[in-house]
Amino acid sequence: MKRSLQLALALLCVAAPLLAQDSTMKGVRITLQYDPGVRPGVVVLPVSGVAGDSIRAMLQRDLDFGDRVNIVTIPDSMAAAIRSGVDSAGNMKRMNYGVFQTIGALAVVQATNTDRGLHVALHDVVRKQVIDVNEFALPQDTASRAWRMAVHRVSDEVERWITGVQGIAATRIAYVRSHAIHVVDSDGAGDITIPMVGEGLSPAWSPDGSALAYATFGENSRIVVYNLQTGLSRAFGERRNTNVSTPVFSPDGKTIVYTVAGENGSDLFAAPAAGGPPQRLTVGNGTDNSTPSFSPDGRRVAFTSGRAGPPEIYIMDADGTNADMFTSYAFTTKNYRSNPDWSPDGLTIAYQAYVPDQSGIFQIVTMSLRDRIPHQLTSAAENEDPSWAPDSRHLVFTSTRGGDKQLWVLDTQSGRIRQLTHAAATSRLAAWSSRLTP
Amino acid sequence: MRATRSLPAALVLAAVALAACHKKPEVAPAPAPAPVDTSALRAQHVRDSLAAIDAAKRAAEAAEKARADSIRAAEEAQKTMRATLTEMIHFDFDQSTLRSDAQAILDAKVPILQANPDVTIRIAGNTDERGSTEYNLALGQRRAATAKRYLVDHGIADSRIETVSYGEERPIAQGHDEDAWSQNRRDEFTITGGANGTLKKPSM
Chain A
294 MKRSLQLALA
304 LLCVAAPLLA
314 QDSTMKGVRI
324 TLQYDPGVRP
334 GVVVLPVSGV
344 AGDSIRAMLQ
354 RDLDFGDRVN
364 IVTIPDSMAA
374 AIRSGVDSAG
384 NMKRMNYGVF
394 QTIGALAVVQ
404 ATNTDRGLHV
414 ALHDVVRKQV
424 IDVNEFALPQ
434 DTASRAWRMA
444 VHRVSDEVER
454 WITGVQGIAA
464 TRIAYVRSHA
474 IHVVDSDGAG
484 DITIPMVGEG
494 LSPAWSPDGS
504 ALAYATFGEN
514 SRIVVYNLQT
524 GLSRAFGERR
534 NTNVSTPVFS
544 PDGKTIVYTV
554 AGENGSDLFA
564 APAAGGPPQR
574 LTVGNGTDNS
584 TPSFSPDGRR
594 VAFTSGRAGP
604 PEIYIMDADG
614 TNADMFTSYA
624 FTTKNYRSNP
634 DWSPDGLTIA
644 YQAYVPDQSG
654 IFQIVTMSLR
664 DRIPHQLTSA
674 AENEDPSWAP
684 DSRHLVFTST
694 RGGDKQLWVL
704 DTQSGRIRQL
714 THAAATSRLA
724 AWSSRLTP
Chain B
97 MRATRSLPAA
107 LVLAAVALAA
117 CHKKPEVAPA
127 PAPAPVDTSA
137 LRAQHVRDSL
147 AAIDAAKRAA
157 EAAEKARADS
167 IRAAEEAQKT
177 MRATLTEMIH
187 FDFDQSTLRS
197 DAQAILDAKV
207 PILQANPDVT
217 IRIAGNTDER
227 GSTEYNLALG
237 QRRAATAKRY
247 LVDHGIADSR
257 IETVSYGEER
267 PIAQGHDEDA
277 WSQNRRDEFT
287 ITGGANGTLK
297 KPSM
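Below is the structure:
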């Protein structure tokens, strides 16, 4: 009943302020209709009020970086026609859908600052109606990291409205620069370093994004868990004549699996994340077993092992049993394949491999668990240490394509690539967080 | 009249006696000193004493030089022993097995470690930049462990040797070619204790 009323209102193309509309829609959603092979064109209207320009720029950039829509800019010749629908306060009173159709937009994002937060409406240009609307609370301090993350969450929700898939803007990427652990927003802004215990490598996110684990190397090598909320660090795993490395959280957050390299090769161990004695998972008999990555259901672990000679990717049960070589399936030649990262949808493992064989140059390769056919994703310069975004579509990795090692983000479907970090010092060993909730 | 005559005589006698009393007993006159050239003598003395000073100085210098030489030699020996203890060993790509040159370098450390049982060392395994950054930490640890095992097998107490891995994080050569890589694939040896004083030379 409510929906039909709304539809009727929209079809009448009323001039009433859109703010007057119900801010939530219950029941069946109306979704944007578009050819799945083509990215829908999306216009983000100018945003009036506090930090309006920043909000618009972030929404546009986030939607662009999501690689599922095409951001359409309003040509100057059309600007006047669009402005004519805006009242003196800067709010859109009347939507001129015909204009947007002319410039190739299927959807229009209209964000309005109100005293209750950011009011956002998504217009379907073809149906000439608002198909989604919501109000988002934003923190007061527009310069804060929390404010930026809140705007990213708006972008991700708008992306879900348009495409049916939530965006990945409200995520962060942890990485290593000069042996300090950095954390940067998915769009490359808001870079910070965390307080370090020793020289760090190999950051890994807890599933809810509230903590980071990393390893220190050299003397007193240990695993450190840094709680981003409390700012406190806890270290464990330190043992004489031992290097510990590559910690990862299990998907339930209760266990940390990491590498213990001692007097006789290296093996994977599992320790309770809250503290407690570790348990050995692999029995490498003097070989190296390292760089674990959990399947999203937590039942299996992919890792690198040299048990058969050159490093290859193996998969075992989470208790250490049933280890099986994964990568050699489609290959016959000797290679160096390492650093697996299991996609959050569970379907694919990304890793690095010498391409061509024995060239000494790593490229990013993905292999589906179903067909086990390797797909080489990169070829320019050297590319290594891939980490999946929560959408199982984007990968962040280290590349030398711009000169020194920096982080780059690849859309595995379109092949589009963008540089995430820019610094004089190298940036490497990236780990992409889950979608971060407030 | 006689008395008058005798008085002067008595006076004379008295005077003589007095005179005799006053004078030292007569001795043989000392021979007149031989005519001597005193300025020449003095010059000789000066020369002699200068020579003596010179000789003493030379002797002191020689002693000092000998002392310095022996200190230097001792320092040299100390330096050599320390250099032998800390000499790096190198590895082939992706390998942790000891090459023959590495074994020879380790062999030279053994007697010094045996002669100085208080000395403790740290072996740090390093890799070149190739291979996986994270997997290289395991390789570095393996390289350190291999050298340690060799020393332990040659009689050095396990507790005296600590191993760590720096993976590819501490390159000493910055290039991106085999020359740099071969230098970086190494174990470094650091003396961590027991060598504040003098190292004892191994008995031959």
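Chains as they are written, first to last, in this note's numbering: chain A, 294 to 731; chain B, 97 to 300.
Backbone N, C-alpha and C define an ideal beta-carbon position, used for all residues, glycine too.
If you're wondering where the values come from, they're calculated on a predicted model, not measured in any experiment.
Candidates the options: closest to residue i by CA position
i              : options                           : result
residue 191(B) : 183(B), 178(B), 227(B) and 162(B) : 227(B)
residue 346(A) : 387(A), 403(A), 371(A) and 363(A) : 403(A)
residue 339(A) : 390(A), 367(A) and 362(A)         : 367(A)
residue 732(A) : 606(A), 589(A) and 601(A)         : Here chain A covers residues 294 to 731 and nothing more, so residue 732(A) does not appear.
residue 251(B) : 269(B), 294(B), 203(B) and 258(B) : 203(B)
residue 501(A) : 509(A), 486(A), 521(A) and 492(A) : 521(A)
residue 658(A) : 504(A), 484(A), 369(A) and 633(A) : 633(A)
residue 540(A) : 528(A), 556(A) and 507(A)         : 507(A)
residue 486(A) : 474(A), 478(A) and 479(A)         : 474(A)
residue 558(A) : 588(A), 593(A), 544(A) and 602(A) : 602(A)
residue 418(A) : 358(A), 499(A), 481(A) and 335(A) : 335(A)
residue 575(A) : 617(A), 651(A), 544(A) and 590(A) : 617(A)
residue 206(B) : 161(B), 182(B), 189(B) and 195(B) : 182(B)
residue 610(A) : 627(A), 599(A), 628(A) and 589(A) : 589(A)
residue 566(A) : 550(A), 554(A) and 560(A)         : 550(A)
residue 635(A) : 544(A), 569(A), 646(A) and 627(A) : 544(A)
residue 727(A) : 499(A), 396(A), 705(A) and 604(A) : 499(A)
Continuous beta strand (DSSP E) stretch holding residue i: start and end
i              : result
residue 468(A) : 465-470
residue 356(A) : Taken as a continuous stretch (DSSP letters only), residue 356(A) belongs to no beta strand (DSSP E), being part of the alpha helix (DSSP H) at 345-358.
residue 563(A) : 559-565
residue 394(A) : From DSSP, residue 394(A) is part of no beta strand (DSSP E) but of the alpha helix (DSSP H) over 390-395.
residue 721(A) : 721-725
residue 260(A) : Residue 260(A) is absent from the model: chain A starts at 294 and stops at 731.
residue 593(A) : 593-598
residue 410(A) : 410-417
residue 579(A) : Counting along the chain, residue 579(A) falls outside any beta strand (DSSP E), and DSSP gives it neither H nor E.
residue 569(A) : First-last for residue 569(A): undefined, no H or E at that position.
residue 668(A) : 667-669
residue 704(A) : 699-704
residue 475(A) : 473-478
residue 406(A) : 400-407
residue 607(A) : 605-610
residue 291(B) : From DSSP, residue 291(B) is part of no beta strand (DSSP E); its letter is neither H nor E.
residue 215(B) : Per DSSP, residue 215(B) belongs to no beta strand (DSSP E) and is neither H nor E.
residue 677(A) : 676-681
Residue i, enclosing alpha helix (DSSP H) - first and last residue
i              : result
residue 145(B) : 134-182
residue 371(A) : 369-376
residue 640(A) : Per DSSP, residue 640(A) belongs to no alpha helix (DSSP H) and is neither H nor E.
residue 688(A) : Not the alpha helix (DSSP H): residue 688(A) falls in the beta strand (DSSP E), residues 687-692.
residue 197(B) : 196-211
residue 531(A) : No alpha helix (DSSP H) contains residue 531(A), which DSSP labels as neither H nor E.
residue 424(A) : First-last for residue 424(A): 422-429, but that is the beta strand (DSSP E), not the alpha helix (DSSP H).
Residue i CB to nearest heavy atom of the ligand SAH below 7 angstroms
i              : result
residue 263(B) : Absent from the structure shown: the ligand SAH. Ligands present: none.
Exercise. Below 8 angstroms, can you find three or more Cβ-Cβ pairs linking the segment 276-285 of chain B to the segment 215-222 of chain B?
Worked result: yes
For this session: May I ask you to verify whether the segment 564-584 of chain A touches the segment 231-238 of chain B, counting CB pairs closer than 8 angstroms and requiring at least 3?
Result: yes
Problem set entry | the segment 251-268 of chain B: positions lying closer than 7 angstroms to chain A by Cβ | Among the residues of the segment 251-268 of chain B, those with a Cβ less than 7 angstroms away from any Cβ of chain A are 258, 259, 260, 261, 262, 263 and 265, in the order of the chain.
Exercise. The segment 628-651 of chain A: which residues have C-beta closer than 8 angstroms to a C-beta of chain B, in chain order?
Worked result: 629, 631, 632 and 645
For this session: Output, in sequence order along the chain, the residues in the segment 206-235 of chain B whose CB is closer than 9 angstroms to any CB in chain A.
Result: 218, 220, 221, 226, 227, 228, 229, 230, 231, 233, 234 and 235
Problem set entry | Cβ pair count under 8 angstroms reaching 3, the segment 352-359 of chain A against the segment 458-471 of chain A | yes
Problem set entry | Complete beta strand (DSSP E) runs within the segment 480-524 of chain A (minimum length 3 residues, chain order) | Taking only runs of at least 3 residues, the beta strand (DSSP E) segments lying wholly in the segment 480-524 of chain A are 493-498, 504-509 and 516-520.
For this session: Would you list, in chain order, the members of the segment 567-591 of chain A that have their beta-carbon closer than 7 angstroms to a beta-carbon of chain B?
Result: 581, 583 and 584
Exercise. At a Cβ cut of 7 angstroms, what residues of the segment 694-711 of chain A count as close to chain B, listed as they run along the chain?
Worked result: For the segment 694-711 of chain A, the set of positions with a beta-carbon nearer than 7 angstroms to some beta-carbon of chain B is empty.
Exercise. Does the segment 209-219 of chain B come close enough to the segment 283-291 of chain B that 3 or more CB-CB pairs lie under 8 angstroms?
Worked result: yes
Problem set entry | Given 8 angstroms, three or more beta-carbon pairs between the segment 679-686 of chain A and the segment 437-449 of chain A | Taking 8 angstroms as the limit for Cβ pairs, the verdict is that the segment 437-449 of chain A does not touch the segment 679-686 of chain A.
Exercise. What residue ranges within the segment 234-289 of chain B form continuous alpha helix (DSSP H) runs of no fewer than 4 residues, ordered along the chain?
Worked result: 274-280
Exercise. What residues in the segment 153-178 of chain B have a beta carbon less than 8 angstroms from any beta carbon of chain A?
Worked result: none
Exercise. Are three or more beta carbon pairs between the segment 406-418 of chain A and the segment 428-439 of chain A nearer than 8 angstroms?
Worked result: yes
Problem set entry | Segment contact flag, the segment 503-520 of chain A with the segment 528-540 of chain A, C-beta cutoff 8 angstroms, min 3 pairs | yes
Exercise. Pairing CB atoms from the segment 164-180 of chain B with CB atoms from the segment 258-278 of chain B, are three or more of them under 8 angstroms?
Worked result: no
Exercise. Are the segment 659-676 of chain A and the segment 432-441 of chain A touching, with three or more C-beta to C-beta distances below 8 angstroms?
Worked result: no
Exercise. Closer than 9 angstroms, Cβ to any Cβ of chain B: which residues of the segment 540-569 of chain A, in chain order?
Worked result: 552, 554, 555, 556, 557, 558 and 559
Problem set entry | Proximal residues, the segment 269-281 of chain B versus chain A, C-beta separation under 8 angstroms | none
Problem set entry | Residues of the segment 519-539 of chain A with Cβ closer than 8 angstroms to any Cβ of chain B, in chain order | For the segment 519-539 of chain A, residues whose beta-carbon sits nearer than 8 angstroms to a beta-carbon of chain B comprise 533, 534, 535, 536, 538 and 539.
Problem set entry | Interface positions of the segment 496-511 of chain A facing chain B (Cβ-Cβ less than 7 angstroms), listed along the chain | Residues passing the 7 angstroms Cβ filter: 510 and 511.
For this session: Using a Cβ-Cβ cut-off of less than 8 angstroms, list which residues of the segment 325-354 of chain A approach chain B; keep chain order.
Result: none
Problem set entry | the segment 238-258 of chain B / the segment 142-158 of chain B touching (three or more Cβ pairs under 8 angstroms) | no
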